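Below is one structure, written out as structure tokens; the observations come after it.
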Amino acid sequence: MPDRDASPAASVLVVDDEPNILDLLSAALRMSGFDVHTAASGLEALAAAAQRPPDIVVLDVMLPDLDGYAVARRLRESGNQVPVLFLTSRDAVEDRIAGLTAGGDDYVSKPFSLEEVVLRLRAILRRTQGEESDGRVLRYADLELDVDAHTAHRAGEEIWLSATEFSLLRYLVVNAEKVVSKQQIIDRVWSADSGRDSRVVETFISQLRRKVDARNPPLIHTIRGVGYTVRLGGARS
Numbered sequence: 606m607p608d609r610d611a612s613p614a615a616s617v618l619v620v621d622d623e624p625n626i627l628d629l630l631s632a633a634l635r636m637s638g639f640d641v642h643t644a645a646s647g648l649e650a651l652a653a654a655a656q657r658p659p660d661i662v663v664l665d666v667m668l669p670d671l672d673g674y675a676v677a678r679r680l681r682e683s684g685n686q687v688p689v690l691f692l693t694s695r696d697a698v699e700d701r702i703a704g705l706t707a708g709g710d711d712y713v714s715k716p717f718s719l720e721e722v723v724l725r726l727r728a729i730l731r732r733t734q735g736e737e738s739d740g741r742v743l744r745y746a747d748l749e750l751d752v753d754a755h756t757a758h759r760a761g762e763e764i765w766l767s768a769t770e771f772s773l774l775r776y777l778v779v780n781a782e783k784v785v786s787k788q789q790i791i792d793r794v795w796s797a798d799s800g801r802d803s804r805v806v807e808t809f810i811s812q813l814r815r816k817v818d819a820r821n822p823p824l825i826h827t828i829r830g831v832g833y834t835v836r837l838g839g840a841r842s
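All residue numbers for the sequence shown refer to our numbering, where the first residue is 606 and numbers rise by one.
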């Protein structure tokens, strides 16, 4: 397991209804320096998050009362923007999109390695807590990103984005009219040590389009065989 020094102060709420997985994950995360709390159901998770807000949630999708997607949606509806890492045995594109739509920041497919979960958690925390803010407001066309507030607006209308979606959109806007590859996106948004494959980029780009380009001329474009870009006009594949 990684050493204990990387995330000494981060609190994690681990939610899973399988006692063996819950115990194993909790022990591994404590050994890696996290402050761990647990819940065995969706309702218990919501109560625990309200009573003692965590820095991040590890959330199983299949739970006995509310599924993980419903838990994430309720957290978001209550104004809680805590990052969420989903644990799922379902890895189809539609399942990944469902998790992102519910407010997830990343996912780990079962069966998983404990090292992978730790890497994913640390990568998310770097994106949500470790990134220095330069106080700028980034603008392109009618799209505006407030870096300090982590808010996005298109044509004056607020767009709700998860922490990872915001990081990805910020990277695209900073590089507006340039084409960035999937690997460049993974290295910048997820970090090179995350082991994340290119499918997660496709999923997040798809989700960003649903939110950013839903009722406006498209800004997010695919350059087939090369990567992605933010620009006005032009065909999008």
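Ideal Cβ placement from N, Cα and C applies to all residues, glycine included.
Quick caveat: nothing in here was measured; it's all calculated off a predicted structure.
Is it buried or exposed for S683, if we count other Cβ within 10 angstroms and need 16 for buried? With fewer than 16 other Cβ atoms within 10 Å, it is exposed.
Give a yes or no on contact between the region 627-645 and the region 716-726, applying the rule of three or more CB pairs nearer than 8 Å. Touching, yes, given that three or more Cβ pairs across the two stretches are closer than 8 Å.
When you compare only the Cα positions, how much space is there between G708 and F639? Approximately 22 Å, taken between the alpha carbons.
Excluding the five sequence neighbours on either side, which residues of its own chain have a C-beta within less than 6 Å of the C-beta of A757, listed in chain order? Within the same chain, and ignoring the five residues on either side of A757 in sequence, the residues whose Cβ sits closer than 6 Å to its Cβ are L750, I764 and L766.
Going by DSSP, what residue range makes up the alpha helix (DSSP H) through E807? Counting along the chain, E807 sits inside the alpha helix (DSSP H) bounded by residues S803 to V817.
Between the CA atoms of L774 and S738 - distance to the nearest angstrom: Only weak support is given to the placement of S738: the predicted model assigns it a pLDDT of 47, under 50, and the question is left unresolved by the model.
In chain order, what are the residue ranges of uninterrupted alpha helix (DSSP H) at least 4 long that sit wholly in the region 718-770? Taken in chain order, the unbroken stretches of alpha helix (DSSP H) that lie wholly in the region 718-770 and span 4 residues or more are 719-733.
Look up Y674 in the DSSP assignment and give the residues it is bridged to. Answer is none; Y674 lacks a bridge partner.
Spatially closest choice to S694 from D621, R793 and V784, by CA coordinates: That would be D621, whose Cα lies nearest to the Cα of S694.
With a threshold of 8 Å on Cβ separation, who are the neighbours of N780 within its own chain once the five nearest residues in sequence on each side are excluded? Closer than 8 Å at Cβ, skipping near neighbours: T834 and V835.
By the three-class DSSP mapping on this structure, what secondary structure does L680 have? The DSSP-derived three-state label of L680 is helix.
C-beta contact flag for Y674 and V662 at 9 Å: No, Cβ-Cβ distance for Y674 and V662 is not below 9 Å.
By DSSP, does G832 sit in helix, in strand, or in coil? If DSSP states are grouped into helix, strand and coil, G832 belongs with the strands.
Taking 6 Å as the limit between beta carbons, can you name the residues of its chain near D660, skipping five residues before and five after? For D660, where only same-chain residues beyond five positions count, the Cβ hits under 6 Å are A615 and S616.
Let's test the definition: count the other Cβ atoms within 10 Å of the Cβ of A768 and tell me whether it reaches 16, buried, or not, exposed. Counting every other CB atom within 10 Å of its CB across the protein chains shown gives A768 a total of 16 or more, marking it as buried.
Between the CA atoms of D710 and I729 - distance to the nearest angstrom: Each residue's Cα considered, the two are about 7 Å apart.
Buried or exposed (CB count within 10 angstroms, at least 16 for buried), V831: So V831 counts as exposed.
Between V676 and N625, what straight-line distance do the alpha-carbon atoms span, to the nearest angstrom? Rounded to whole angstroms, V676 and N625 show a C-alpha spacing of 21 Å.
By DSSP's criteria, I661 is part of a beta bridge. Which residues make up the other side? I661 pairs with V617.
Excluding the 5 residues flanking A703 on each side, which residues of the same chain have their C-beta closer than 7 Å to its C-beta? The beta carbon of A703 sits closer than 7 Å to the beta carbons of Y674 from its chain, once the five residues preceding and following it are set aside; these are given in chain order.
Would L618 be called buried (16 or more neighbouring beta carbons within 10 Å of its own) or exposed? Counting the other Cβ atoms within 10 Å of the Cβ of L618 gives 16 or more, which makes it buried.
Just tell me which of R635, L671 and S637 has its CA closest to the CA of S646. Ranking R635, L671 and S637 by Cα distance to S646 puts L671 first.
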